[in-house]
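Chains as they are written, first to last, in my numbering: chain A, 1 to 435; chain B, 1 to 622. Glycine included, every Cβ here is placed at the ideal spot set by N, Cα and C. Since the structure is predicted, the reported quantities are computational estimates derived from the model, not experimental observations.
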Amino acid sequence: MFSTNDTIVAIATPPGRGGIGVVRLSGPDAHAITLRLVTHNGSLRPRRATLTRIACTTDAAAEPIDQVVVTSFPRPHSYTGDDVVEVSAHGSPVILRAIVEAAIDRGARLAEPGEFTLRAFLNGRIDLMQAEAVADLIDAVTPLQARAAFDQLEGTLTAAIAGIDAALFDLVARLEASVDFPDEGYHFVEPGALGRAIDDLAGRTAALLAGARRGQLIRDGLQIAIVGRPNVGKSSLFNALAGAARAIVTDVPGTTRDLVTEVVDLDGLRVTLVDTAGLRETSERVESEGVERARRAAAVADLVLIVVDEDEAELVGTKHLVVQNKADLERPSRGVRVSAVTGAGLDDLRRAIIAALDVEPVRDRPALTNVRHIALVERAHVSLTRAAGAARRSMPEEFVLADLQDARAALEEISGRRASEALLEHIFARFCIGK
Amino acid sequence: MKQHFDVIVIGAGHAGCEAAHAAARLGAHVGLCTLSTDTVAHMPCNPAVGGTAKGHLVREIDAIGGLMGRAIDATGIQFKLLNRSRGPAVWSPRAQADKKMYGRWVKHALDAEANVEWLIGKAGRILVSGERVVGLALEGADEYACEALVMTTGTFLNGLIHIGPDQHAAGRAGEPPSRELAESLKSLGFEWGRLKTGTPPRLDRESIDFDRHADDGTFAVERGDMPPVPFSFLSGAIDRPQIDCYLVHTNDRVRDLVRANIDRSPLFNGQIRGIGPRYCPSLEDKIVRFPDKERHQIFLEPEGVDAREIYVNGFSMSLPRDVQADLVHALPGLEDAVLLRPGYAVEYDFIQPTELTRRLETKRVRGLFLAGQINGTSGYEEAAAQGLVAGINAAHRALGREGFELHRDESYIGILVDDLITKGCLEPYRMFTSRAEHRLLLRIDNADLRLTPRGRDAGLVDNERWDRFCRRRSRFDRNLCVLETTPLRASSGDRVPAAQLLRQPEIRLVDLIAQGVVPHFESEPSSAAIDIASAETTIKYAGYLRRQQAEIERSRKDERRRIPPAFPFERVPGLSREVVQRLNQVRPDTLGQALRIPGVTPAAVAVLASYVGRFTPHPNML
Ligand SMILES: Cc1cc2nc3c(=O)[nH]c(=O)nc-3n(C[C@H](O)[C@H](O)[C@H](O)COP(=O)(O)OP(=O)(O)OC[C@H]3O[C@@H](n4cnc5c(N)ncnc54)[C@H](O)[C@@H]3O)c2cc1C
Ligand SMILES: Nc1nc2c(ncn2[C@@H]2O[C@H](COP(=O)(O)OP(=O)(O)OP(=O)(O)O)[C@@H](O)[C@H]2O)c(=O)[nH]1
Ligand SMILES: [Mg+2]
């Protein structure tokens, strides 16, 4: 259970990275606690970096352990909306942990995962959607994923959804006005314009949803199965793509039995590679179980690499690429030619994989990556489609509105709820209503 | 010894009359304290009842057993069902009243209640002992004891009227303000504010040649519906003579006059500080805030069948009297009109309704109830609806009964009360259908199906109304049955149940009835439109209704989940200081209400929810 009026501390940079590491404190005592950690005398100037040394024990005689830069961000203009101090130290995990522990000794509490973001959200510094983006950012493994999360944080997606939401809101307000103020002599919505306006909105949610598959792939990563006859060099190729000798390679056909997986970064895409047993008829129990698993892996993969040597390709999986391995030897010319041993053609193979997956990253196209968001936009889309149908059948406005309001509710769950008076305000600001 | 009442009601406006009537009907001995019996249920502004959403309120008041619906049916002189071109969910009745007759009708209705005793005088001081109301002192001397006190003093608390630069203290034109009472109330510690409203000038009917201007097209004639659709579920056909109203438009001359004199408008020169309703803009507001709008509608409405006054709807203002006359004369056809009374603006104190519970009882003083404009609302219907709720609960309080609450998902009255007690008022509050989340279910045709059983439980529905309701409910059920079972020939040639045919948008039940193909469909002659609407809506829009009903069921668990009265919000970890402060101010009784408090985030309510669960171990407390 979180409390939001004490001071929390945690390492803010991802674990295990070199260079600079940051410890962040947030809460009413952030400033005071920091001053008791550093040798610097006097208070910290807001938003100015102060170079000082940090002493991590309460023992006054002890040597300072590191030189650090501390920066104070007084409330409310800070990441969390509370007083925040950031301590940048050299990124050794040992030092960072020591600083955190020292802060705890002086009255701070170790933050729960996500607690800084929770405070930012509770203090109204970020909206729900951005709060989720922060979590994505922290989880991000590869640069592209980080960027998709970052886009969301910066607002590409927020802007796209806000755009749809604002247009929908205006339409809803006008329809509500026509219902509530029937004798004001206004056409709040021009006759005939309603259907078109709703179709346009449905088109925009549809576009977001179309992007969602791509977004989801970026977020959750893809599975690529490597299959083929025994000894064609699947495990060798797997190791080459993974950049490590993960799978056993021998010249004995049937070496690989179990599925071997490795997460790799393929030009920014997070991909799970699956090495499999060579496909062949066999009465050997262990091997036949391996073949069975290989087929299943191929069936569920986003893409199958069918590796061939001198044999014919056995086509499995709905989406596949034929990879001609051992191109350093005399081999037929088909599919993508590579050599797992020399590394020739591997770049071509990576490009071919990206092309086959159809996930070319586009920087400025907003990508819905969060399952919850996809579900909400989907709900909005279904409601908009239904509203469009009702408008086309000339149903009275209040029925069209029932669905439009539902769409609005779904979008506002992403972009944040409006105050209930907002609708009337919108109407009164635009139309002279009342007697 | 002081005379003792179960319930004292201060004010015989629309709120006070409903409150006194309801409390008396429940068996409470009621003292109705008012300045004069000449202004009972007076309409200081527009002589009309109903309108979008307001018409819903009146139907609901009637369904529960209140007065307003019957009063307007008995005295209405032009009836219109608004939004008829739309679906039945947003149909709203509206009627012009014969203003004098309306007041007299309500006075008679109260005179007929043996439990109501008039206390003519000026209420001055609320008597409180140990955070409990014990009585009322009139200005002067007399003191009365009571168990519950309902205050419905409208615009009278420190009322201040503005006509141009002239200001004088008054509750309404020609009536004294209530100062002592205002101070007595404030001394109890209530949060209060100041609002403003206004009314247009009245013209002399004799000075306007309506026939000529209607003939030559200067005035557009506005007729009512024939036959009128009554408000009350008890009313038969309305056959009183009906009147016409007239529509004119403002012109450039009106615009120029307003602009030239804008610095003489107390609204614009800083003389008025109270906040007015944006949905009832003054003429000054219309011209200044919407310079692009070329002309504004003005309705000329007789205040009664024989009344001398013509109400100039849409022309409310607080400019000096001479400018008002010039403005009237600038309107087409009114060149020679005589101004009987100028329009004016009035500022008054109100109490922030966040001080109240869902029963409209103050949280600070047990037994003290507030209803009507004193709570920041505006409009007769909003006042009456609150009066009804407060009156029932005051009687329940005095007689030791359990209390009566209406919720958002069952009524507009519930929405009204919930909005008031949750959000307070920053400007005068009026009801709109867009405030209803589940509008399709809250229709005028089913107000009785929704609420008459509630009124019966509360004790306000008498046997006559109840019998009638039971007949109507079984008629409704039979009608659905008839439509499900009467086979009709579809365009395909197949014979299908009438209900199936009705689901096609272009097939209308009225037409089927007119063609005589559903002979077993029953309806009361005076409410045929309602009987038909109830059945048709239920069938034609079944999908929509089902979905809204499902939403209500889904949310009801949280929506109605009780927060115990003494729940310590400050002890819930994770809530910001601001949120705790808002929660403590409003003290929501349900999680649903907590979620609607401005500034309380969904995340905060999620946290709250987990704690409320722990503080209420007994399922019967939920
Ligand atoms: C000038 C004006 C313009 C308005 N314009 C609009 C408008 O444009 N649109 C709209 O919707 N509504 C308008 N209203 C509001 C509408 O009239 C009120 O909302 C409604 O009448 C309020 O009803 P009520 O019962 O709360 O109070 P009221 O109807 O005002 O009744 C108050 C009652 O309290 C009595 N009273 C007051 N003080 C004392 C006392 N000390 N002792 C004993 N009795 C007392 C009075 O005699 C009166 O009977 C206007 C009102 C006024 C005055
Ligand atoms: N010259 C050459 N030899 C290769 C290449 N790739 C793999 N080999 C050799 O081919 C043999 C089989 O390689 P593996 O990678 O174990 O083949 P596999 O397809 O995984 O075989 P199974 O697991 O038994 O199905 C080994 O001796 C490799 O060294 C290549 O590109 N060029
Ligand atoms: Mg292998």
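Judged by beta-carbon spacing, B/G592 lies within the 9 Å limit of B/S555, meaning their Cβ atoms are closer than that value. One alpha carbon belongs to A/V68, the other to A/A380, and they sit about 49 Å apart.
Just so you know, the alpha carbons of B/G379 and A/R24 end up roughly 55 Å apart. DSSP lists B/R489 as the beta-bridge partner residues of B/R495. Counting other Cβ atoms within 10 Å of its Cβ, B/M226 stays below 16 and is therefore classed as exposed. Taking non-hydrogen atoms of ligand 2 into account, the C-beta of A/D251 is found less than 8 Å away from one of them. B/G189 and B/E361 have their C-alpha atoms roughly 15 Å apart. B/G274 is a Cβ neighbour of B/Y348, given a cutoff of 9 Å. When only Cα atoms are considered, B/Q271 and B/R308 end up about 32 Å apart. Relative to B/P302, the option among B/L331, B/F210 and B/R84 whose CA is nearest is B/F210.
Spatial neighbours of B/P277 in its own chain (CB-CB distance under 7 Å, excluding positions within 5 residues in sequence) are listed in chain order as T197, S378, E427, P428 and R430. B/A609 has its alpha-carbon roughly 10 Å from the corresponding atom of B/V572. Under the three-state reduction of DSSP output, B/P568 falls in the coil class, being neither helix nor strand. Boundaries of the alpha helix (DSSP H) harbouring B/M68: M68 to T75, taken from the DSSP string. A/L51 sits exposed, since fewer than 16 C-beta atoms from the chains shown fall within 10 Å of its C-beta.
Along the stretch 97-115 of chain B, there is no position whose C-beta sits under 7 Å from a C-beta of chain A. About 6 Å separates the beta carbon of B/G304 from that of B/K100, a gap short enough to meet the 8 Å contact definition. Exclusion of B/T75 from the 8 Å shell around ligand 1 follows from its C-beta lying no nearer than that to any non-hydrogen atom of the ligand. B/C481 sits exposed, since fewer than 16 C-beta atoms from the chains shown fall within 10 Å of its C-beta.
Residue state for B/D336 is assigned as coil, using DSSP reduced to three classes. With respect to chain B, the C-beta atom of A/D183 has a partner C-beta closer than 9 Å.
When beta bridges are read from the DSSP output, B/Y246 appears opposite B/V221 and B/L300. For A/K234, the CB falls within less than 8 Å of some heavy atom of ligand 3.
In the structure shown, B/V128 falls within a strand segment according to DSSP collapsed to helix, strand and coil. No residue range can be given for B/F404, since it is assigned to no alpha helix (DSSP H) and is classified by DSSP as neither H nor E. Following the DSSP letters along the chain, one finds B/K99 inside the alpha helix (DSSP H) bounded by residues K99 to D111. With a cutoff of 9 Å on beta-carbon distance, A/E398 and B/L440 are scored as near each other. DSSP, read as helix, strand or coil, puts A/A202 in helix.
Look at A/A247: its beta carbon is less than 8 Å from one of the heavy atoms in ligand 3. Not a single C-beta of chain A is nearer than 9 Å to the C-beta of B/L502. Around the CB of B/N584, fewer than 16 other CB atoms lie within 10 Å, so the residue is classed as exposed. For B/P505, the closest of B/E113, B/G516 and B/T537 by C-alpha to C-alpha distance is B/T537.
Interface criterion met: the Cβ of A/R393 is under 9 Å from a Cβ in chain B. In the structure shown, B/P93 falls within a strand segment according to DSSP collapsed to helix, strand and coil. For B/V40, the Cβ falls inside the 8 Å cut-off from some heavy atom of ligand 1. Between the stretch 26-33 of chain A and the stretch 76-84 of chain A, the count of C-beta pairs closer than 8 Å reaches three or more; the two stretches touch.
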